[in-house]
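Chemist: Take a look at this one; I'll ask things after.
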Amino acid sequence: MAAVDAINGAVRRLPAWPVYGASVAYAGWLFWRGVNGDLGPNPVEALEHAYGEAALYLLIAGLAVTPLRRLARVNLMKFRRAIGLACFFFVSVHLLVWAVLDVQALERVWADILKRPYITVGMAAFLLLVPLALTSNNLSVRKLGPRWRRLHRLTYPAAVLGAVHYLMLVKGWQAKPLVMLTIIVGLLALRLPGPGKLRRALGTVARPQP
0 MAAVDAINGA
10 VRRLPAWPVY
20 GASVAYAGWL
30 FWRGVNGDLG
40 PNPVEALEHA
50 YGEAALYLLI
60 AGLAVTPLRR
70 LARVNLMKFR
80 RAIGLACFFF
90 VSVHLLVWAV
100 LDVQALERVW
110 ADILKRPYIT
120 VGMAAFLLLV
130 PLALTSNNLS
140 VRKLGPRWRR
150 LHRLTYPAAV
160 LGAVHYLMLV
170 KGWQAKPLVM
180 LTIIVGLLAL
190 RLPGPGKLRR
200 ALGTVARPQP
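Counting in numbering that gives the first Met the number 0, the sequence shown runs from 0 upward without gaps.
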């Protein structure tokens, strides 16, 4: 417990804003590498994949915050909003690179969304994240009340769809997208109620009201 207390103490002294700065800096660095030809023979595709992978890593990090607090007593909750917004930022630039630099035509963008299943799945994940990004502020938390938590559970299907999008995108069966999907499913499974909690919940429902 001493180690956990030390970690939590250090975390309390750290601000959340470096998450935003590091995300913008990393995205800019990747773009600069693409402009300078350091991302291989197809820099646009490499940039798309790099931004998309960064978004998935941040999705996983965001999903891991609650299990870490429950199971390891490590409290990273103060970073969860920053992680979520950084994830949305990378999803947005991933989408922009695909639409503006890759497809380069609005009608083709719409056609690809309708005709290519992996793009349809990816766009569905993006649309689920939009209301979460728009309500990731204190005003929305106060206005929505308990509904805010229910709304932000859209993170769960968005994470699964994002991982499935990645799995469908790559050619053949590659380890990285499979590992990411497995981790996401595992982190979501940790949120399921245990037998004791489930019995208590069922007992509460079944117990007659006085």
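A virtual CB, placed ideally from N, CA and C, is assigned to each residue, including glycine.
Would the beta-carbon of V73 fall within 8 angstroms of that of N137?
Modeler: No; because the gap between Cβ atoms is not below 8 angstroms, this pair is not in contact.
Chemist: Can you tell me whether DSSP reads A123 as helix, strand or coil?
Modeler: Three-state result, A123: helix.
Chemist: Tell me the residue span of the alpha helix (DSSP H) that contains N7.
Modeler: From DSSP, the alpha helix (DSSP H) with N7 extends over 1–12.
Chemist: Cβ atoms of L153 and T134: under 8 angstroms apart, would you say?
Modeler: Going by C-beta atoms, T134 is not nearer than 8 angstroms to L153.
Chemist: Would you call the segment 46–63 and the segment 89–96 in contact, with 3 or more CB pairs under 8 angstroms?
Modeler: Touching, yes, given that three or more Cβ pairs across the two stretches are closer than 8 angstroms.
Chemist: Which residue from V108, I82, Y56 puts its Cα closest to that of V159?
Modeler: Among V108, I82, Y56, the Cα nearest to that of V159 belongs to Y56.
Chemist: Give the range of the alpha helix (DSSP H) segment to which H284 is assigned.
Modeler: Residue 284 lies beyond the residue range present for the chain, which begins at 0 and ends at 209; the question has no answer from this structure.
Chemist: Can you grab the Cα-Cα spacing for the pair L180 / K170, in whole Å?
Modeler: Going from the Cα of L180 to the Cα of K170 covers about 16 angstroms.
Chemist: Measure the alpha-carbon distance for A104 versus W147 and round it to whole angstroms.
Modeler: Cα to Cα, A104 sits roughly 36 angstroms from W147.
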